[in-house]
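Trainee:
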Ligand SMILES: Cc1cc2nc3c(=O)[nH]c(=O)nc-3n(C[C@H](O)[C@H](O)[C@H](O)COP(=O)(O)OP(=O)(O)OC[C@H]3O[C@@H](n4cnc5c(N)ncnc54)[C@H](O)[C@@H]3O)c2cc1C
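In the working numbering, the protein residues as written are 55 to 457.
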């Protein structure tokens with residue numbers, strides 16, 4: 055087949071589009087600015103590659119919040135079960151962890167990526183590394199800068215799979231926003247998602263508790279309530295429980311200037327139990343040892359109470375019990391996009407048709423994290439990136455008339 059497709063971005067989304075196309079005999083060239091492919095995918099594997107989630111489909115699609123309507127049809131084409139089958143097809147078994155999350159056996163991304171790149175290469179996909187896409191030339195060819203030269207590329211169709219804006223040193227720096235905006239495509243500014251937040255810790259608290267985990271703890275914000283854990287950082291808070299609430303907290307900060315999350319430091323104990331235990335005579339014990347002995351609160355949890363409640367409230371056992379169950383913590387800013395696990399914002403779905411082709415640019419498709427959606431951690435990111443790569447690949451086949 056003579057038709058050629060240029061895929062820009064060799065992360066999970068771009069590589070999945072390459073797979074769909076090359077499997078049908080289409081000539082595919084993948085371009086990437088980095089010296090090797092899939093760097094963020096590999097980084098995701100550093101702490102255990104969470105590929106997808108095993109929960110029921112309806113619950114799974116609810117994780118995409120405001121963008122469920124756009125993501126659900128893609129997951130119906132290539133969903134969590136397909137992703138597991140795909141990994142098995144590459145010789146990598148998967149397993150379901152206790153939380154329902156799905157991981158490859160071995161937890162790492164590198165064996166999966168290696169097998170994937172080999173299969174793509176065997177099916178004729180060519181890889182052009184250190185090629186930074188810089189937009190379009192006046193004659194509409196793609197403009198790349200490589201270490202040796204400026205390169206112009208013509209293709210019958212293009213898939214842009216350039217990633218979001220987090221961890222830019224892994225390759226996805228969001229520079230593509232400029233080229234697409236200039237071409238008249240509607241894009242929403244990139245924002246941190248699954249991110250940490252700044253808290254105005256006192257110097258004493260910061261010095262004493264930086265790096266300490268808070269667990270178990272329950273976090274409430276509006277209708278959000280979840281039990282889990284997080285970490286005290288030099289600047290504030292981060293970790294899985296914070297990430298889970300991060301979209302809501304970020305939007306509140308954007309609207310109101312700050313967000314107050316409520317912590318329940320003893321999610322397994324009631325207020326009544328706490329109040330009754332704390333009201334027992336303290337004798338000659340210090341308050342710290344009373345708290346520890348009567349209700350098991352010590353270390354960083356005791357530090358948080360000291361940090362945020364007044365001396366008077368600390369001396370009143372009913373008030374103290376109340377604050378153990380409802381400790382307000384003010385978040386004053388999101389951590390920068392560079393530090394976030396993923397990004398929200400990107401190419402707006404209004405600019406795309408159902409095959410992810412840019413309506414105003416026939417033959418140009420978009421996939422992956424560069425689209426305007428977000429989801430919590432839990433495997434939802436990689437799954438939707440791959441699903442959108444799959445849909446874009448199928449869209450290109452249709453556009454090229456490959457049946
Ligand atoms: C620390 C960390 C842990 C994570 N863990 C998980 C996890 O366990 N589970 C999960 O589901 N998700 C996880 N994620 C998120 C997940 O890795 C990303 O959502 C996913 O990789 C995005 O895929 P993508 O193909 O859209 O973009 P990317 O993987 O970012 O790939 C985009 C590619 O485009 C290239 N590119 C960008 N701009 C240009 C340009 N101008 N010219 C040429 N090439 C360009 C980049 O070099 C890159 O290779 C994690 C992310 C991080 C940072």
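Glycine included, every Cβ here is placed at the ideal spot set by N, Cα and C.
(1) Take the Cβ of residue 445 as the centre, count every other Cβ of all protein chains shown within 10 Å, and call the residue buried at 16 or more, exposed below.
(2) Quick one: Cα of residue 267 to Cα of residue 207, how far?
(3) Going by DSSP, name the residue or residues bridged to residue 291.
(4) Skipping 5 residues on each side, what residues in its chain have a beta carbon closer than 8 Å to that of residue 426?
(5) For the region 294 to 355, list the alpha helix (DSSP H) runs that are entirely contained and at least 4 residues long, ordered along the chain.
(6) In this structure, how does DSSP classify residue 281 when only helix, strand and coil are distinguished?
(7) Going by the beta-carbon positions, is the gap between residue 60 and residue 83 smaller than 9 Å?
(8) Since residue 461 and residue 210 are thought to touch, with beta carbons under 8 Å apart, how far apart are those beta carbons, to the nearest angstrom?
(9) Rounded to the nearest angstrom, what separates residue 219 and residue 150 at their Cα positions?
(10) I want to check one thing, is the minimum distance from the CB of residue 149 to the heavy atoms of ligand 1 below 8 Å?
(11) List the endpoints of the continuous alpha helix (DSSP H) containing residue 453.
(12) With H, G and I counted as helix, E and B as strand and the rest as coil, what does DSSP make of residue 164?
(13) With residue 266 as the anchor, note down where its beta strand (DSSP E) starts and where it stops.
(14) Residue range of the beta strand (DSSP E) that residue 75 falls in?
(15) Taking residue 188 as part of the beta strand (DSSP E), name the residues at either end of that continuous run.
(16) Quick one: grab the DSSP three-state call for residue 409.
(17) Is it buried or exposed, residue 142, if we count other Cβ atoms within 10 angstroms and call 16 or more buried?
(18) Take every Cβ of the region 411 to 429, pair it with every Cβ of the region 254 to 269, and state whether three or more of those distances are shorter than 8 Å.
(19) To the nearest angstrom, how far is it from the Cα of residue 189 to the Cα of residue 63?
(20) Determine, using beta carbons only, whether residue 319 and residue 379 come nearer to each other than 9 Å.
(21) Please report the residue range of the alpha helix (DSSP H) in which residue 234 lies.
(22) Can you tell me whether residue 365 is helix, strand or coil according to DSSP?
(23) Determine whether the beta carbon atoms of residue 87 and residue 187 lie at a separation below 9 Å.
(24) At a cut-off of 8 Å, would you count residue 293 as near ligand 1, judging by its Cβ distance to the nearest heavy atom?
(25) State buried or exposed for residue 159, treating a residue as buried only when at least 16 other CB atoms are found within 10 Å of its CB.
(26) Could you give the residue range of the beta strand (DSSP E) that holds residue 83?
(27) Taking 9 Å as the cut-off, decide whether the C-beta atoms of residue 74 and residue 357 are in contact.
(28) How would you label residue 345, buried or exposed, when you count the other beta carbons within 10 angstroms and need 16 or more for buried?
(29) Is the distance from the Cβ of residue 217 to the Cβ of residue 391 below 9 Å?
(30) Are the CB atoms of residue 434 and residue 182 within a distance shorter than 9 Å?
(31) Mapping DSSP to helix, strand and coil, what is residue 245?
(32) Going by beta carbon distance, what residues of the same chain come within less than 7 Å of residue 254, once the five residues before and after it are set aside?
(33) Say yes only if the C-beta of residue 188 is nearer than 8 Å to one or more non-hydrogen atoms of ligand 1, and no if none qualify.
(34) Which residues does DSSP pair with residue 211 in a beta bridge?
(35) Residue 307: which of 389, 367 and 430 sits nearest, CA to CA?
(36) Quick one: Cα of residue 361 to Cα of residue 212, how far?
Mentor: Looking at the coordinates:
(1) To locate residue 445, count along the chain shown from 1; it is residue 391. Of the residues assessed, residue 445 falls on the buried side of the cut-off, its CB having 16 or more other CB atoms within 10 angstroms.
(2) Taking the first residue of the chain shown as 1, we reach residue 267 at position 213. Taking the first residue of the chain shown as 1, we reach residue 207 at position 153. Between the alpha carbons of residue 267 and residue 207 lies a gap of roughly 50 Å.
(3) The residue given as residue 291 occupies position 237 in the chain shown. 251 and 286.
(4) Taking the first residue of the chain shown as 1, we reach residue 426 at position 372. Within the same chain, 121, 241, 242, 398, 399, 400, 401, 402 and 403 come within 8 Å of residue 426 by CB-CB distance, once the 5 residues on both sides are set aside.
(5) Entirely contained in the region 294 to 355, the alpha helix (DSSP H) runs reaching 4 residues are, in chain order, 294 to 310, 325 to 332 and 341 to 349.
(6) Within the chain shown, numbered from 1, the residue matching residue 281 stands at position 227. DSSP places residue 281 in the strand class (E or B) of the three-state scheme.
(7) By one-based count along the chain shown, residue 60 stands at place 6. By one-based count along the chain shown, residue 83 stands at place 29. For residue 60 and residue 83, yes; Cβs fall inside 9 Å.
(8) The structure shown does not extend to residue 461, since the chain is modelled only from 55 through 457, so no value can be given for it.
(9) Residue mapping note: residue 219 aligns to position 165 of the chain shown, counting from 1. Residue mapping note: residue 150 aligns to position 96 of the chain shown, counting from 1. Roughly 29 Å between the two C-alpha positions.
(10) Taking the chain shown and counting its residues from 1, one reaches residue 149 at position 95. Not under cutoff, so the answer is no.
(11) Taking the chain shown and counting its residues from 1, the one referred to as residue 453 is at position 399. 434 to 454 is the extent of the alpha helix (DSSP H) around residue 453.
(12) Along the chain shown, read from residue 1 onward, the residue named residue 164 stands at position 110. Residue 164 falls in the helix class under three-state DSSP.
(13) As a first step, residue 266 is located in the chain shown; it is residue number 212 there, counting from the start. Taken as a continuous stretch (DSSP letters only), residue 266 belongs to no beta strand (DSSP E), as it is neither H nor E.
(14) For the purposes of this step, residue 75 is taken as residue 21 along the chain shown, with counting starting at 1. It is not in any beta strand (DSSP E) - residue 75 instead sits in the alpha helix (DSSP H) that spans 66 to 76.
(15) Reading the chain shown from its first residue, position 134 is the one you call residue 188. Run containing residue 188: 186 to 190, per the beta strand (DSSP E) assignment.
(16) Counting from one through the chain shown, the residue named residue 409 turns up at place 355. Three-state DSSP puts residue 409 in coil, outside helix and strand.
(17) Counting from one through the chain shown, the residue named residue 142 turns up at place 88. In summary, residue 142 is exposed, with fewer than 16 beta-carbon neighbours lying within 10 Å of its beta-carbon over all protein chains present.
(18) Touching, no, given that fewer than three Cβ pairs across the two stretches are closer than 8 Å.
(19) Translated into the one-based positions of the chain shown, residue 189 becomes position 135. Translated into the one-based positions of the chain shown, residue 63 becomes position 9. Their Cα atoms are separated by approximately 13 Å.
(20) Residue numbering aside, residue 319 sits at position 265 when the chain shown is read from its first letter. Residue numbering aside, residue 379 sits at position 325 when the chain shown is read from its first letter. Taking C-beta atoms as the reference points, residue 319 and residue 379 count as a pair closer than 9 Å.
(21) Position 180 of the chain shown, counted from the first residue, corresponds to residue 234. Element bounds for residue 234: 230 to 236.
(22) Translated into the one-based positions of the chain shown, residue 365 becomes position 311. Correct three-state label for residue 365: helix.
(23) As a working mapping, residue 87 is identified with position 33 in the chain shown. As a working mapping, residue 187 is identified with position 133 in the chain shown. Yes; because the gap between Cβ atoms is below 9 Å, this pair is in contact.
(24) Taking the first residue of the chain shown as position 1, residue 293 is located at position 239. Between ligand 1 and residue 293, a heavy atom-to-CB distance of less than 8 Å is absent.
(25) Position 105 of the chain shown, counted from the first residue, corresponds to residue 159. Of the residues assessed, residue 159 falls on the exposed side of the cut-off, its CB having fewer than 16 other CB atoms within 10 angstroms.
(26) By 1-based counting over the chain shown, the position of residue 83 is 29. For residue 83, the enclosing beta strand (DSSP E) starts and ends at 81 to 85.
(27) Here residue 74 is taken as the residue at index 20 of the chain shown, counted from 1. Here residue 357 is taken as the residue at index 303 of the chain shown, counted from 1. Contact flag unset, no.
(28) Here residue 345 corresponds to residue number 291 of the chain shown, with the count starting at 1. Counting other Cβ atoms within 10 Å of its Cβ, residue 345 reaches 16 or more and is therefore classed as buried.
(29) One-based indexing of the chain shown puts residue 217 at position 163. One-based indexing of the chain shown puts residue 391 at position 337. At least 9 Å separates the beta-carbon of residue 217 from that of residue 391.
(30) Along the chain shown, read from residue 1 onward, the residue named residue 182 stands at position 128. Along the chain shown, read from residue 1 onward, the residue named residue 434 stands at position 380. No.
(31) To locate residue 245, count along the chain shown from 1; it is residue 191. In this structure, DSSP gives residue 245 an extended state, which the three-state scheme calls strand.
(32) Residue numbering aside, residue 254 sits at position 200 when the chain shown is read from its first letter. These residues qualify, in order along the chain: 386.
(33) For the purposes of this step, residue 188 is taken as the residue at position 134 of the chain shown. Yes, Cβ of residue 188 sits closer than 8 Å to a heavy atom of ligand 1.
(34) Counted from its first residue, the chain shown places residue 211 at position 157. BP columns for residue 211 point to 59.
(35) Working through the chain shown from its first residue, we reach residue 307 at position 253. Checking every option, the nearest Cα to that of residue 307 belongs to 389.
(36) Taking the chain shown and counting its residues from 1, one reaches residue 361 at position 307. Taking the chain shown and counting its residues from 1, one reaches residue 212 at position 158. Taking C-alpha positions only, residue 361 is separated from residue 212 by approximately 54 Å.
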